[in-house]
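*Asks:* The opening residue of the sequence shown carries number 84 in the numbering used here; numbering runs sequentially from there.
C-beta: ideal position from N, C-alpha, C; glycine also.
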Amino acid sequence: MIPYGRQDITQADIDAVVEVLQSDFLTQGPKVPAFEQAVAEKVGARHAVAVNSATSALHIACLALGLGAGDWLWTTPVTFVASANCGLYCGAQVDFVDIDPRTYNMDPFELERKLIIAEREGRLPKVVVPVHLCGQPCDMAAIQALAQRYGFKVIEDASHAIGGKYRGEYIGSGRYSDITVFSFHPVKIITTAEGGMAVTNDDTLAARMMLLRSHGITRDPVLMTHAPDGPWYYQQVELGFNYRMTELQAALGISQAHRLDAYVSRRHVIARGYDARLADLPVTIPWQHPDSYSGMHLYVIRLKLDQITRKGHRGIFESLRKQGIGVNLHYIPVHTQPYYQAMGFKKGDFPRAEQYYQEAISLPMFQTLGEEQQNKVIEVLRRELV
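1. Would you kindly report the start and end of the unbroken beta strand (DSSP E) that includes Tyr382?
2. From the DSSP output, in three-state form, read off Ala289 for me.
3. Among Lys197, Val270, His215, Leu216, whose alpha-carbon lies nearest the alpha-carbon of Leu207?
4. Using the Cα positions of Ala436 and Thr186, report the straight-line distance between them to the nearest angstrom.
5. What residue range is occupied by the uninterrupted alpha helix (DSSP H) comprising Glu277?
6. What three-state label does DSSP hand His243 in the structure shown?
7. Quick one: grab the DSSP three-state call for Gln438.
8. Going along the chain, which residues of its own chain have a beta-carbon closer than 6 Å to the beta-carbon of Leu471, five neighbours each way excluded?
9. Pull up the CB-CB distance for Thr159 and Pro213, whole angstroms please, since I reckon it's below 8 Å.
10. So does Leu109 have its beta carbon nearer than 6 Å to some heavy atom of the ligand MN?
11. According to DSSP, is Gln176 helix, strand or coil?
12. For Tyr326, I'd like the list of residues in its chain whose CB is within less than 6 Å of its CB, leaving aside the five on either flank, ordered along the chain.
13. I'd like the ranges of any alpha helix (DSSP H) spanning at least 4 consecutive residues and lying wholly in the segment 209–266.
14. DSSP on His130, reduced to helix/strand/coil?
15. Going by DSSP, name the residue or residues bridged to Thr158.
16. Spatial neighbours of Val410 within its chain, please: C-beta separation below 7 Å, excluding the five flanking residues on both sides.
17. Is the segment 245–262 in contact with the segment 92–103, if contact means three or more CB pairs nearer than 8 Å?
18. Take Ala99 and list the residues in its own chain whose beta-carbon comes closer than 7 Å to its own, dropping the five residues that flank it on each side.
19. By the 10 Å Cβ neighbour count, where 16 or more other Cβ atoms means buried, how is Asp312 classified, buried or exposed?
20. I need the straight-line Cα distance from Arg350 to His380, nearest angstrom please.
21. Where in the segment 321–349 do unbroken runs of the beta strand (DSSP E), each at least 3 residues long, occur, reported from the N-terminal end onward?
22. According to DSSP, is Ala152 helix, strand or coil?
23. Gln438: which of Val161, Tyr357, Leu452, Glu204 sits nearest, CA to CA?
24. Give the DSSP bridge partners of Ile85, in chain order.
25. How would you label Ser260, buried or exposed, when you count the other beta carbons within 10 angstroms and need 16 or more for buried?
26. How about Arg385: is its C-beta nearer than 7 Å to some C-beta of chain D?
27. Any contact between the segment 190–205 and the segment 168–177? By contact I mean 3 or more CB pairs, one from each, below 8 Å.
28. Could you give the first and the last residue of the continuous beta strand (DSSP E) run that contains Ile444?
29. What separation, rounded to the nearest whole angstrom, lies between the Cα atoms of Ile300 and Met328?
30. Is Thr301 helix, strand or coil by DSSP?
31. Could you give the residue range of the alpha helix (DSSP H) that holds His418?
32. Leu146: buried (16+ other C-beta within 10 angstroms of its C-beta) or exposed?
33. Three-state secondary structure (DSSP) at Gln456?
34. Tell me the DSSP secondary structure of Thr138 in three-state form.
35. Could you check what DSSP says for Gln94 in three-state terms: helix, strand or coil?
36. For Gly356, I'd like the list of residues in its chain whose CB is within less than 7 Å of its CB, leaving aside the five on either flank, ordered along the chain.
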């Protein structure tokens, strides 16, 4: 089976992790801050806060921005559930903005339309979470302009997008948002096994996220309510969480980060190969906005079902898997999940997202995908569609 995504672990990665295993620190040592510094410097951010998952990063980002009961968080329905769940964790309410039909990201025109209505009804969002689906950045300049006009904060969910760029700057620079979140899950561009990171240029937000990731505990006398009792002393000043990243994960991340640009470049070569050889098939290949340089985490095609008579969406998906092509579907629109439907969302609420779901298939995309493997993917797909 050719998987839709997989990690690339080298001997250098293994050596880096073994070195930590033989060191004095397995957690809360020097590797985590070194990894944070490496990512922050790479993307051009002042601060980075490493945690045990991108979901945790989203959660503490929302809390740092003051999201709570009575507030609204808006995101896209075409994303993993964590992009919305992070708002619920904070006691806020969640709503969605339909997608752009070309990029599949949050549509800024639809966002503006919805904001006009929300302002009239007195329920403007406190936080908006645009998701860089497949690694392609959203139209962040347009979203930032709306944030300034309507007063909401912006968290970029860049779980797919580390190493990508928007208008020539690395995603995570913070030019258009308050906080950006990355994921280091094994199928992502670089991995720490599990892990995530929030980057920001705001000193206060960074300090709050650092506090929240480790039980709300501090050893900084400046943050304490009184002078320390002694050198052993700490205080819990917030209700935080055990969201820390381990030294093992950070060591792997540092090693992987050295290859980030090469990995993204290789993914673009693979994408160009798909683009050229799928152009004559009844599919829509990914469109790239001229302002963007995608992290290219996923390669999603959309089936032109009106031109495919033999099998439908599900039939083609199942047939590809039976023939050893590990396709996937990213994502089931969040508002159609039973948990969200129990809140009142229903099918038909976000028609573009739902149409996308009826047609989308993620083809294998990872940096070590070989020419022979890609040839097989294309040949099997061609047999199914022609």
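*Replies:* For this structure:
1. Here the beta strand (DSSP E) through Tyr382 covers 382–386.
2. Helix.
3. For Leu207, the nearest C-alpha among the options comes from Lys197.
4. Rounded to the nearest angstrom, the two C-alpha atoms are 11 Å apart.
5. Segment: none, Glu277 is in no alpha helix (DSSP H) and carries neither H nor E.
6. Coil, per DSSP.
7. Taken through DSSP and simplified to helix, strand or coil, Gln438 comes out as helix.
8. Because the chain is modelled from 84 through 469, residue 471 falls outside the range shown and cannot be assessed.
9. For Thr159 against Pro213, the beta-carbon gap comes to about 7 Å, under 8 Å, which counts as contact.
10. Within the structure as shown, the ligand MN is missing, as the structure has no ligands at all.
11. Strand at Gln176.
12. So the qualifying residues of the chain are Val134, Asn135, Ser139, Arg296.
13. List check, alpha helix (DSSP H) in window: 223–233.
14. The three-state reading of DSSP puts His130 in strand, counting E and B together.
15. Beta-bridge partners assigned by DSSP to Thr158: Phe179, Val212.
16. Counting only Cβ-Cβ distances below 7 Å, and skipping sequence neighbours, we find Tyr87, Phe400, Leu403, Arg404, Ile444, Ser445, Leu446.
17. No, the segment 245–262 does not touch the segment 92–103.
18. Excluding residues within five positions, the ones whose Cβ falls inside 7 Å are Ala334, Leu335, Ile337, Ser338.
19. Counting Cβ neighbours within 10 Å, Asp312 comes out exposed, since fewer than 16 surround it.
20. Rounded to whole angstroms, Arg350 to His380 spans 8 Å at the Cα level.
21. List check, beta strand (DSSP E) in window: nothing returned.
22. In the structure shown, Ala152 sits in coil (DSSP, three-state: anything other than H, G, I, E or B).
23. When each option's Cα is compared against that of Gln438, the closest is Val161.
24. DSSP lists Ile408 as the beta-bridge partner residues of Ile85.
25. Note on Ser260: 16 or more other CB atoms within 10 angstroms of its CB, so buried under the neighbour-count rule.
26. Among the protein chains of the structure shown there is no chain D, as only one such chain exists.
27. Verdict: no, contact absent.
28. Taken as a continuous stretch (DSSP letters only), the beta strand (DSSP E) holding Ile444 covers 443–446.
29. C-alpha of Ile300 to C-alpha of Met328: approximately 16 Å in a straight line.
30. Taken through DSSP and simplified to helix, strand or coil, Thr301 comes out as strand.
31. No alpha helix (DSSP H) contains His418, which DSSP labels as neither H nor E.
32. With 16 or more other Cβ atoms inside 10 Å of its own Cβ, Leu146 counts as buried.
33. Correct three-state label for Gln456: helix.
34. Helix.
35. Helix, per DSSP.
36. When the five nearest sequence neighbours on each side are left out, the beta carbons in the same chain lying within less than 7 Å of the beta carbon of Gly356 are those of Gln457, in order along the chain.
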